[in-house]
Amino acid sequence: MDSDKKMCILGVGNLLLRDEGFGVRAMEWLRDHYEWPDFVDFVDGGTQGRVLMTVLMDYERLVVLDIVRGQGEPGTVYLLENEDMRKSVSFCDSTHDTDFVDLLCTCDLLGKRPETIVIGFEPFDFASLEPELTDEARRLLPDFCRKAVREMKQRGWVNPQERD
2 MDSDKKMCIL
12 GVGNLLLRDE
22 GFGVRAMEWL
32 RDHYEWPDFV
42 DFVDGGTQGR
52 VLMTVLMDYE
62 RLVVLDIVRG
72 QGEPGTVYLL
82 ENEDMRKSVS
92 FCDSTHDTDF
102 VDLLCTCDLL
112 GKRPETIVIG
122 FEPFDFASLE
132 PELTDEARRL
142 LPDFCRKAVR
152 EMKQRGWVNP
162 QERD
């Protein structure tokens with residue numbers, strides 16, 4: 002593990018719109034179900050958009066958890082890198098102020114762009130005004146989070162231990 006690299010696990014989305022809040026709920030689940038080294042921080046990015054740029058520049062590695070409309074079946078898990086990150090719903094929607102990839106480009110211009118992946122979830126319902134995940138999304142949340150951990154481990158970024 003390359004443990005000297007400061008890392009952020011960023012959950013994004015609107016908790017009031019059913020599965021739109023999946024990324025935040027996934028961040029909370031990971032934080033609460035694993036033992037993490039001190040170099041990993043957890044951030045609830047909500048729908049902050051451009052405000053997050055100053056947060057992003059503090060890290061060398063960034064894992065974004067979000068919903069993604071990738072034309073797959075609801076519940077599908079995606080790994081997005083580079084230009085594929087434009088599929089990340091929370092940062093492409095005008096209510097969030099800006100495009101996430103544009104934020105990363107701005108960080109790059111300032112010489113402070115973190116190495117970034119987006120781990121996304123195809124939502125069942127992201128439009129209904131309801132502050133709870135759908136039953137289907139809630140049921141799939143632990144598996145999604147374990148896949149996210151496997152991806153971080155495979156990259157050599159971190160090796161958290163699941164709590165009993």
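So the sequence shown is numbered by this note's numbering: it starts at 2 and just counts up by one.
Even glycine gets a Cβ: it sits at the ideal position worked out from N, Cα and C.
- Closest option to residue 112, judged by alpha-carbon separation, among 143, 127, 78, 54: 54.
- Note on geometry: alpha-carbon atoms of residue 11 and residue 28 lie some 7 angstroms from one another.
- The three-state secondary structure of residue 32, taken from DSSP, is helix.
- Counting the other CB atoms within 10 Å of its CB gives residue 19 a total of 16 or more, which places it among the buried residues.
- Linking residue 142 to residue 61 through their CA atoms gives a straight-line distance of about 26 angstroms.
- By the Cβ criterion, the region 109 to 123 is in contact with the region 60 to 80, since at least three pairs of Cβ atoms, one from each stretch, lie closer than 8 angstroms.
- With fewer than three CB-CB distances shorter than 8 angstroms, the region 39 to 50 does not count as touching the region 76 to 85.
- In the DSSP annotation of this structure, the continuous segment of the beta strand (DSSP E) that includes residue 117 starts and ends at 116 to 122.
- Under the DSSP assignment, residue 45 falls in the beta strand (DSSP E) whose first and last residues are 41 to 47.
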